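Residue numbers (the working numbering): 156 to 298.
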Ligand SMILES: *[C@@H]1O[C@H](CO)[C@@H](O)[C@H](O)[C@H]1NC(C)=O
């Protein structure tokens with residue numbers, strides 16, 4: 156093959172196979188502080204994508220995850236809703252690398268100064284579905 160043609164083909168293959176999957180999330184749920192439910196007021200629920208391309212472990216190894224959205228809990232019922240979009244690079248051609256979502260909650264249930272709770276495992280539920288697992292199975296913030 157002519158060297159130029161093969162170079163053009165190589166570039167074509169690289170640019171067409173490294174694509175990204177963009178997915179959006181609708182999520183709703185509930186946080187609970189069993190010792191005193193009033194303490195959920197003012198908590199912040201953040202939505203993260205575990206492994207997004209913007210994250211670049213290479214550029215910022217200390218903060219590899221990407222914050223997609225956040226919301227503040229304003230009522231003592233602890234109910235929150237959050238939405239956002241995330242994209243992950245499809246490293247293997249033809250196989251969608253779906254974003255891996257999880258919540259992190261900053262709350263005052265156990266300490267007046269507040270603390271973070273990361274809620275695992277990760278989940279992959281995207282629009283048009285709503286991720287509502289924690290409506291019936293609240294995130295318990297107590298130690
Ligand atoms: C619960 O927390 C709220 C807000 O800090 C406080 O005003 C209230 O007295 C607490 N209730 C109980 C039963 O400890």
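In this text, a Cβ means the ideal position worked out from N, Cα and C, and glycines have one as well. Note that the coordinates shown come from a computational prediction; the quantities given were computed from them, not determined experimentally.
Check                                                                                                                                                                  : Outcome
Contact defined as beta carbons within less than 8 Å: I believe residue 189 pairs with residue 297. What is the distance between those atoms, to the nearest angstrom? : 5 Å
What span of residues does the beta strand (DSSP E) with residue 237 cover, start to end?                                                                              : 234-245
Can you tell me where the beta strand (DSSP E) with residue 250 in it begins and where it stops?                                                                       : Premise fails: residue 250 is in no beta strand (DSSP E) and is neither H nor E.
Does ligand 1 have even one heavy atom less than 7 Å from the beta-carbon of residue 189?                                                                              : no
Is any non-hydrogen atom of ligand 1 found closer than 7 Å to the C-beta of residue 193, if you look at the structure I gave you?                                      : yes
Do residue 254 and residue 178 have their CB atoms nearer than 8 Å?                                                                                                    : yes
Sort 180, 282, 174, 195 by Cα distance to residue 293 and report the nearest one.                                                                                      : 195
By the 10 Å Cβ neighbour count, where 16 or more other Cβ atoms means buried, how is residue 260 classified, buried or exposed?                                        : buried
Can you tell me whether residue 236 is buried or exposed, with buried defined as 16 or more other CB within 10 angstroms of its CB?                                    : exposed
Using a Cβ-Cβ cut-off of 6 Å (strictly less than) and excluding sequence neighbours within five positions of residue 225, which residues of its own chain qualify?     : 199, 201
If you draw a straight line from the C-alpha of residue 191 to the C-alpha of residue 289, how long is it?                                                             : 19 Å
Going by the CB atoms, is the gap between residue 185 and residue 203 shorter than 8 Å?                                                                                : no
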